[in-house]
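Count the sequence shown with numbering that gives the first Met the number 0 and you get residues 0 to 146, in order. C-beta: ideal position from N, C-alpha, C; glycine also. Comments concern the structure below.
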Amino acid sequence: MKPSDRVNHMRHHNQSETVFHTQSTRQGAVLVIVMVCLLLISLVMASLLKSTLMQRRQMLKEQLQVQADWLVESALERAARQRLSNPEYQGEVWQIDAEELGTRYAGSAEIELKSETDGAQRISIQARVKYPESQTFVITRTKKILL
């Protein structure tokens, strides 16, 4: 090999190393950018998932509250009907199963009747509803009316 060939060979070798090094650096930079983008997308998706789950829980809680409100009204109506048909009726614990409600959960209502001492011979009916019964999250509603 002539000396000039050696110089040309070394130049070509150095140029190919530089090209390889530049390509390797670019590929590494692209890989880092792609990884950062994937991380950002993952964070956004996790945030959206968390938000969706929180909205779902809130919606379920509101549904349970509405059901408890209806149950307390039903318990008061039940007590008034019972009292009209039986003057000795003083209340009960009304167990309402899930099938009767048409839901996944059962409920209960404590109904209590008391004579008011205001001289007008009125009766107070108080209903206290727990729905859903035997769950970790229970809605309690209490309502009182005078007859």
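Check	Outcome
Buried or exposed for Tyr-130, going by 16 or more other Cβ atoms inside 10 Å?	buried
Can you tell me whether Ala-97 is buried or exposed, with buried defined as 16 or more other CB within 10 angstroms of its CB?	exposed
Is it the case that the Cβ atoms of Glu-109 and Arg-80 are separated by a distance below 8 Å?	no
Indicate whether Gln-57 and Thr-102 have their beta-carbon atoms separated by less than 8 Å.	no
Of all the beta strand (DSSP E) runs that stay within the bounds of the stretch 28-55, which reach a length of 3 or more residues?	none
Just the C-alpha distance for Leu-83 and Arg-121, rounded to the nearest angstrom, thanks.	13 Å
Please report the distance separating the alpha-carbon of Val-43 from that of Val-33.	15 Å
Quick check: what's the CA-CA separation for Lys-60 versus Val-31?	43 Å
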